Amino acid sequence: MKFEEMGFTPGILKAIEELRFENPMPVQEKVIPVMLGEERDVIALAQTGTGKTAAFGLPLVQTTDTETNLTQALILCPTRELCLQITSDLEDYAKYTGKLSILAVYGGSSIENQIRSLKKGVHIIVATPGRLIDLINRKAARLNGVRTVILDEADEMLNMGFLDSINEILGSVPDGRRTLLFSATMSSEIASIARNYMSDPVEITIGSKNASAENVNHAYYLVHAKDKYKVLKRIADSEPDVYGIVFCRTRKETQEIASHLINDGYNADALHGDLSQAQRDAVMNKFRIRNLQLLVATDVAARGLDVDDLTHVINYSLPEDLEVYTHRSGRTGRAGKTGVSLSLVHLREKQNLHRIENLLKKKFKHLQVPTGSEICGKQLFHWVKKLETPGSEHPEIEKFLPEIKNRLSGLDREELLRRVVIREFDRFLDDYRNGEDIIEPIEDRNSGNRSSDRKGRRDHYEGKFTRLFINLGKNDGFYPEQLIEFVNSNTQGKKVPLGKIDLLKSFSFFEVEESWSDYLISRLNNKQFMDRKVAVEIAQERSSGRNEDHGDRRKPAWSGGRSGNKKQHGSSGDFHKGRKQDRNERKKFRR
Ligand code: AMP
1 MKFEEMGFTP GILKAIEELR FENPMPVQEK VIPVMLGEER DVIALAQTGT GKTAAFGLPL
61 VQTTDTETNL TQALILCPTR ELCLQITSDL EDYAKYTGKL SILAVYGGSS IENQIRSLKK
121 GVHIIVATPG RLIDLINRKA ARLNGVRTVI LDEADEMLNM GFLDSINEIL GSVPDGRRTL
181 LFSATMSSEI ASIARNYMSD PVEITIGSKN ASAENVNHAY YLVHAKDKYK VLKRIADSEP
241 DVYGIVFCRT RKETQEIASH LINDGYNADA LHGDLSQAQR DAVMNKFRIR NLQLLVATDV
301 AARGLDVDDL THVINYSLPE DLEVYTHRSG RTGRAGKTGV SLSLVHLREK QNLHRIENLL
361 KKKFKHLQVP TGSEICGKQL FHWVKKLETP GSEHPEIEKF LPEIKNRLSG LDREELLRRV
421 VIREFDRFLD DYRNGEDIIE PIEDRNSGNR SSDRKGRRDH YEGKFTRLFI NLGKNDGFYP
481 EQLIEFVNSN TQGKKVPLGK IDLLKSFSFF EVEESWSDYL ISRLNNKQFM DRKVAVEIAQ
541 ERSSGRNEDH GDRRKPAWSG GRSGNKKQHG SSGDFHKGRK QDRNERKKFR R
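For the sequence shown, my numbering begins at 1 and goes up steadily by one.
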């Protein structure tokens, strides 16, 4: 259906055209006909970003009688910011429609001014519940002419403890009015409001109930708590165009993370309740106009901040509550765009992650923390992309160009390019040159079940594993515990991600996450295990088959005639010492 076919007046259609809304969004297709046609109540389960403001706002503006001074509609919402946003949207819709007066009333600002405005007559009041109750008590807000009540973000209002206020307000508006309730999620409290104050509502669900916005990709990084900030930085570094909100649990954490980011040169700032309203406004404004790339915020402070095209929502801490998660992630992937909701999860939070996955009926993608070299690559191509578009001209450069050209004339294009790229790359690499890659925590480390332990570990690493050969086997008393302990005791407390372990009689194979293999080989080679000198090297590509004890055909690397290696390992106790059994075993692998 098109807007033109929905029964809007030319004035509203003109406003819609100016807003560049081409076609109604799903929530609008469902809500608008009910509001313009049947006189029914509506419960709509819809996230922010689905176009719900226009869904109720356009028909509300059209059906408000501007010939009288009566307040005819009441919109309740959880925050001051949302009040202002809704009011500004309604003003846009009403641009070509008579003299409609809309007033936002909310706590934290002068009640006298609001009373003065109300006295002049207001057609639509957009209010936070607490302030509206004050105004009702002072007899400034007169609700006897109210025909429509809209509860926007009802779940958020309940989360913020407004249930009593909502009950009081709904109890004091005339019966026979129409009520519309918008909520991202359905809870028993919402259902009870519907039961008590709505009659036979049309129920509209956009997407599935309790589901997050369709075009949001959910993903997570498994991180040690101590690495969280580092991982956040890596995310920011690997997404140079990021424009997102980093959600933290507490005001303190919010401030700390924002301060660290600012100190580290990121374009970030904090938004939380310890800031004054003026400071919050300033930060939100900077973020809205994209002067900030990363807004570090608490849930409460970020409510009502209406920013459309976030590329990312980052859950620095995973919320306990599905509703909070839904709200956070609903801030990206709006208005038909795709967004990403990333969560930094440590092992203890995994259960919570699974719970959220189950409730959302969505599988979160497990991402690997970008390595330094991946980040450098991304930054480099970001820089190349910028080079592709001409920047602004600086006339003052002109005078230097001839001399520069002259000085660089000995370099051909290719060499010049190479040098420029090297310089740029060096700059990125500086941050990562000496830093080690961040390692994920390993699950089930102390699990009694060895095979599930190994499996668990492997499952964490969707990245590649390298298969290593080690010249120790069961005959050496070398079992998985010994291997793990041996690895741990030689890697200075680093948690090296191991994969599958195949133990044979006198040598073994085990997998290690690819980026760790060189490190591990260097750490383990020539070390002593019992009376044996240890040799570790990359095993050759294996063909599929069973393990050695059952006639496997896999070849270790040394079978390909790497004589240098043989010599190197040929000291006492190594695997070439000539144990007959070893030879037989190796023969089997060489086939
Ligand atoms: P809301 O869910 O009301 O916060 O709306 C999310 C965004 O979608 C706002 O920026 C609206 O301006 C935009 N929007 C609403 N309706 C439409 C539409 N029919 N076509 C395109 N954008 C829309």
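Here a beta-carbon is modelled for each residue, glycine too, at the ideal position from N, C-alpha and C.
These numbers come from a predicted model, not from an experiment.
So is the beta-carbon of Leu19 under 8 Å away from any non-hydrogen atom of ligand 1?
Yes; taking the cut-off as 8 Å, the Cβ of Leu19 has a heavy atom of ligand 1 nearer than that.
For Leu60, the nearest candidate out of Thr48, Gly7 and Leu19 (CA to CA):
Gly7
Report the rounded CA-to-CA distance for Asn217 versus Phe507, giving the unit in angstroms.
44 Å
Using three-state DSSP, classify Gln47 as helix, strand or coil.
Under the three-state reduction of DSSP, Gln47 is assigned to coil, being neither helix nor strand.
Nearest by alpha-carbon distance to Ile314: which of Ala127, Ser329 and Val149 is it?
Closest by alpha carbon: Ser329.
Can you name, in chain order, every residue of its own chain whose Cβ lies under 8 Å from the Cβ of Leu380, other than the five neighbours on each side?
Excluding sequence neighbours, Leu380 sits near Val421, Glu424, Phe425 and Phe428.
So does Lys95 have its beta carbon nearer than 8 Å to some heavy atom of ligand 1?
no
Going by Cα to Cα distance, which pick from Glu398, Thr9, Thr326 and Glu403 is closest to Gln47?
Thr326
Contact set for Ile501: own chain, Cβ-Cβ below 8 Å, skip 5 residues either direction
Arg454, Pro480, Leu483, Ser508, Phe509, Phe510 and Glu511
By alpha-carbon positions, which one of Thr128, Thr185 and Ile521 ends up nearest to Val324?
Thr185
Might you give, ordered along the chain, the residues of its own chain that have their beta carbon closer than 7 Å to the beta carbon of Ile235, omitting 5 neighbours on each side?
Ile314 and Leu342
Output the residue ranges of the alpha helix (DSSP H) runs that lie fully inside the stretch 297-323 and measure 4 residues or longer, sorted by chain position.
299-302
Any non-hydrogen atom of ligand 1 within 8 Å of Asp155 CB:
Incorrect: Asp155 has no Cβ contact closer than 8 Å to ligand 1.
Could you give the residue range of the alpha helix (DSSP H) that holds Thr87?
Arg80 to Tyr93
Excluding sequence positions up to five away, which residues of its chain have a Cβ less than 8 Å from the Cβ of Ala219?
Val340, Ser341, Leu342, Ser343, Phe364, Lys365, His366 and Leu367
Let me check you understand the geometry: is the CB of Ala46 closer than 8 Å to at least one non-hydrogen atom of ligand 1?
yes
Distance, Cα to Cα, Ser192 vs Asp164?
13 Å
Once the 5 residues before and after Gln528 are set aside, which same chain residues still bring their CB inside 6 Å of it?
Nothing listed; no residue qualifies.
Please report the Cβ distance between Asp152 and Ile190, rounded to the nearest whole angstrom; I am assuming they are in contact, meaning their Cβ atoms lie under 8 Å.
Wrong, their Cβ atoms sit about 13 Å apart, outside the cutoff.
Determine the DSSP secondary structure at Leu524, reduced to helix, strand or coil.
Helix at Leu524.
Is it buried or exposed for Pro402, if we count other Cβ within 10 angstroms and need 16 for buried?
exposed
Asn23 versus Gly51, Ile245, Gly11 and Val34, residue with shortest Cα-Cα distance
Gly51
With Arg195 and Thr148 assumed to form a contact (beta carbons below 8 Å), what rounded beta-carbon distance in angstroms separates them?
With 8 Å as the limit, Arg195 and Thr148 do not qualify as a contact, their Cβ atoms being about 20 Å apart.
In the DSSP assignment, the beta strand (DSSP E) including Asn217 goes from what residue to what residue?
Val216 to Leu222
So, Leu275 versus Ala301, is the Cβ gap smaller than 9 Å?
Judged by their CB atoms, Leu275 and Ala301 are nearer to each other than the 9 Å cut-off.
Inter-residue CB distance, Ile75 and Pro201 (contact presumed, cutoff 8 Å)
At roughly 17 Å, the Cβ-Cβ gap does not stay under 8 Å, so Ile75 and Pro201 are not in contact.
Is the separation between the beta-carbon of Tyr93 and that of Ala15 shorter than 9 Å?
yes
Please say whether Asp41 and His199 have beta carbons closer to each other than 9 Å?
Per the sequence presented here, residue 199 reads as Ser, with His not at that position. Their beta carbons are under 9 Å apart, which means Ser199 touches Asp41 by this criterion.
Classify Ser559 as helix, strand or coil using the three-state DSSP reduction.
Legend: pLDDT at Ser559 = 31, less than 50; position of this residue unreliable, no value from coordinates given.
Let me know if Pro10 comes out buried or exposed under the rule of 16 or more other beta-carbons within 10 Å of its beta-carbon.
exposed
Mind reading off the beta-carbon distance from Leu158 to Tyr243? Whole number of angstroms is fine, and I expect it under 8 Å.
Their Cβ separation, rounded to whole angstroms, is 30 Å, which puts Leu158 and Tyr243 out of contact at 8 Å.
DSSP three-state label for Asp502, please.
strand
On a Cα-Cα basis, can you pick out the residue from Lys505, Met530 and Phe465 that is closest to Phe486?
Met530
Can you give me the C-alpha to C-alpha distance between Ile150 and Glu253, rounded to a whole angstrom?
35 Å
Per DSSP, what are the beta-bridge partners of Phe637 in this structure?
This structure does not reach residue 637, given that the chain is present from 1 up to 591, and the question cannot be answered.
Which two residues bound the contiguous alpha helix (DSSP H) that contains Val34?
Pro26 to Leu36
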